[in-house]
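The opening position of the sequence shown corresponds to residue 18 in the working numbering, with each subsequent residue numbered one higher. Ideal Cβ placement from N, Cα and C applies to all residues, glycine included. Note that the coordinates shown come from a computational prediction; the quantities given were computed from them, not determined experimentally. Here's the structure we're looking at; comments come further down.
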Amino acid sequence: MLANMEHALYQQIAETKLLPLYTATDLTCLPRLEEVLVKNEVRFIEVTFRSELAADAIKQLAASGELIVGAGTVRTLAEAEIAVENGAKFIVSPAIVPEVIDYCIKGDIPVFPGTATPGDIQRALEYGIKVVKFFPADIYGGLKAIKALSGPFYDVKFLPTGGINAENFIEYLADEHVIGVGGSFIISETILKKDDGKSADEALSALVEAIKKA
Ligand code: 3PG
Numbered sequence: 018m019l020a021n022m023e024h025a026l027y028q029q030i031a032e033t034k035l036l037p038l039y040t041a042t043d044l045t046c047l048p049r050l051e052e053v054l055v056k057n058e059v060r061f062i063e064v065t066f067r068s069e070l071a072a073d074a075i076k077q078l079a080a081s082g083e084l085i086v087g088a089g090t091v092r093t094l095a096e097a098e099i100a101v102e103n104g105a106k107f108i109v110s111p112a113i114v115p116e117v118i119d120y121c122i123k124g125d126i127p128v129f130p131g132t133a134t135p136g137d138i139q140r141a142l143e144y145g146i147k148v149v150k151f152f153p154a155d156i157y158g159g160l161k162a163i164k165a166l167s168g169p170f171y172d173v174k175f176l177p178t179g180g181i182n183a184e185n186f187i188e189y190l191a192d193e194h195v196i197g198v199g200g201s202f203i204i205s206e207t208i209l210k211k212d213d214g215k216s217a218d219e220a221l222s223a224l225v226e227a228i229k230k231a
C-alpha cells in the first residue's frame with residue numbers, strides 16, 4: 018500500500034537520511050546544485066512551490082536522471098499535477114491536502130503530508146499513509162513530541178522539517194521513528210552562490226560525514 022516502508026523511495030530516503038528542501042529563484046544555480054548533491058551521494062531534492070520557477074527547476078533537475086526530484090509546498094491539486102508532469106517523483110505538502118493525497122494515491126506517487134498533531138496523523142493513517150512530514154518540528158515540540166506521538170503511532174515514520182539544522186539533525190536521526198530529516202539547512206541558493214558552490218559542497222559533506230560517524 019502507498020506510503021508504507023516497502024516502497025523503494027522510502028527505503029532510499031531512510032538510507033540517505035537527508036531531504037534537501039530547495040526554493041529556486043535562479044535557474045543558473047541548478048547544474049551546480051545537482052553536481053554537489055551527486056558528489057555527496059544525496060540523490061534527493063524537494064523543490065518547493067514557493068517560487069514561479071518550481072516547475073522549470075523540477076524539469077531541469079529531473080532531466081539527467083541523477084536525482085530523485087520531488088515537489089514541496091504542494092498545497093493544490095494543480096501544483097501536484099504540474100510537478101508530476103515535469104518529472105516530480107514524490108510530493109510533500111505542509112498539511113493534509115485531501116485532493117493532493119487522492120491524486121497521489123491514484124498515481125501511486127509517494128506523498129508526505131504535513132502533520133503536527135495526533136489528529137493529523139490519524140487522518141494520514143486513514144489514507145493508508147504511514148510516513149508523514151512532521152512540521153514545523155521545532156515549534157510543535159521537536160524530538161520530544163515525536164517520541165510522545167510514537168507511543169500511539171508506533172507504526173508511523175516521521176520526516177521532521179522546520180527548524181532542523183546542522184546542530185540538531187543528528188539527534189533527530191537517532192530516533193528510530195525518524196526516517197530522515199528535511200529542510201533548507203542542507204543546501205540552498207544562498208550557499209551555492211558563495212565561492213562557486215565550494216561552501217555548499219563542504220557544508221553538505223560535513224552533514225554526510227556526521228551521519229556516517231553517528
Ligand atoms: C518546510 O516546508 O519543510 C519548512 O519550511 C522547512 O523549514 P526550514 O527552512 O526551517 O528547514
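Relative to the C-alpha of residue i, which residue among the options is closest?
i, options, result
"A41", "G82, R67, V55", "R67"
"L94", "V55, K215, C121, D73", "C121"
"L36", "A25, V59, H24", "V59"
"V237", "L224, K161, T178, G82", "Any answer about residue 237 is impossible in this case: the structure gives the chain only from 18 up to 231."
"K210", "Y144, E102, L50", "L50"
"E184", "L166, I146, A220", "A220"
"E193", "C46, L166, V117", "L166"
"G131", "D125, G124, I146", "I146"
"I203", "D212, K164, I187", "I187"
Exposed or buried, what is residue i when buried is set at 16 or more other beta-carbons lying within 10 Å of its beta-carbon?
i, result
"P48", "exposed"
"P169", "exposed"
"Y39", "buried"
"E238", "Outside the displayed span of the chain (18 to 231) sits residue 238, for which this structure offers no information."
"D137", "buried"
"E206", "buried"
"A105", "buried"
"S201", "buried"
"M18", "Low local confidence applies: a pLDDT of 44 at M18 is under 50, so the model's placement there is unreliable, and no value is given."
"Q6", "Here the chain has residues from 18 to 231 only, and residue 6 is not among them."
"N182", "exposed"
"Y189", "buried"
Taking 8 Å as the cut-off, is the C-beta of residue i nearer than that to any heavy atom in the ligand FAD?
i, result
"V149", "As far as ligands go, the structure on display features the ligand 3PG and does not contain the ligand FAD."
Counting only runs that start and end within the segment 21 to 81, where is the alpha helix (DSSP H) found for 4 or more residues in a row?
-> Correct list: 25 to 33, 47 to 56, 71 to 79.
Can you list the beta strand (DSSP E) stretches of 3 or more residues lying completely in the segment 74 to 129, in chain order?
-> Along the segment 74 to 129, the beta strand (DSSP E) occurs as fully enclosed runs of 3 or more residues at 85 to 89, listed in sequence order.
Decide if the segment 145 to 162 is in contact with the segment 51 to 64; the criterion is three or more beta carbon pairs, one per stretch, under 8 Å apart.
-> No, the segment 145 to 162 does not touch the segment 51 to 64.
Would you check if the segment 78 to 96 and the segment 107 to 126 touch, i.e. whether three or more CB-CB distances between them fall below 8 Å?
-> These segments touch.
Which ranges does the beta strand (DSSP E) cover as unbroken runs of at least 3 residues, wholly within the segment 161 to 212, from first to last along the chain?
-> Correct list: 174 to 177, 198 to 200.
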